[in-house]
Amino acid sequence: MPIDATQPYDDNNIFARILRGELPSKTVYDDEFALAFHDINPQAPLHILVIPKGAYVSWDDFSARASDAEIAGFVRAVGQVARDAGLVAPGYRLLANTGLDSHQEVPHLHVHIFAGQKLGPMLAI
Ligand code: DGP
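Listed below in structure tokens is the structure:
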């Protein structure tokens, strides 16, 4: 079910539980501001999710309420994860679904990193 990006933060969403260590994840990066792990249902040969450590529902919530340090830390982490995975030369795609029309399913901001093949057209509607 897609989520409404205006809803309040749900402390029991799956990614909040991963952040608290209550659920496992295949972690590839962890710092003060961000955690990155493999998507459970990969849509490309490499499909990593990067999430902020703070409690933010969506890109909208994060861009409105996060501190400058959190925003800088998170954006730098996304770039670092891709760099660490050797993706700069071959290229990669970032995606942040936000709310109903985008079909965001998990109500904690996450940026998808897709890579490992030619990624085709930007949108398939
Ligand atoms: P979105 O539609 O943008 O909200 O994408 C949510 C993604 O989260 C989807 O690609 C599958 C992934 N996902 C859902 N539950 C889990 C989980 O428990 N572990 C991991 N690693 N990924 C999950």
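Just add 1 to the spot in the sequence shown (first one is 1) and you have this note's numbering. Heads up, the beta-carbon is just placed ideally off N, CA and C, and yes, glycines get one too. Because the structure is a prediction, the values reported are computed rather than measured.
Rounded distance between the beta-carbons of residue j and residue i, thought under 8 Å
{"i": "LEU110", "j": "TYR57", "result": "5 Å"}
{"i": "TYR30", "j": "VAL82", "result": "5 Å"}
{"i": "GLN105", "j": "ILE4", "result": "5 Å"}
Close beta carbons around residue i, own chain, < 7 Å, minus the five adjacent residues each side
{"i": "PHE75", "result": "PHE34, ALA35 and PRO53"}
{"i": "ASN98", "result": "HIS104 and GLN105"}
Heavy atom of ligand 1 within 7 Å of residue i beta-carbon
{"i": "ASN14", "result": "no"}
{"i": "VAL29", "result": "no"}
{"i": "VAL107", "result": "yes"}
{"i": "SER26", "result": "yes"}
{"i": "ASP85", "result": "no"}
{"i": "LEU50", "result": "yes"}
{"i": "ASP40", "result": "yes"}
Cβ-heavy atom distance, residue i to ligand 2, below 7 Å
{"i": "ASP61", "result": "Ligand 2 is not part of the structure shown, which contains ligand 1 as its ligands."}
Run of the beta strand (DSSP E) containing residue i, from where it starts to where it stops
{"i": "VAL1", "result": "No information on residue 1 is available, as it lies outside the stretch 2 to 126 that the chain covers here."}
{"i": "PHE38", "result": "35-39"}
Sequence-distant residues of the same chain with beta carbon closer than 8 Å to residue i, five excluded per side
{"i": "ASP136", "result": "Residue 136 cannot be examined here, being either before or after the span of the chain that is shown, 2 to 126."}
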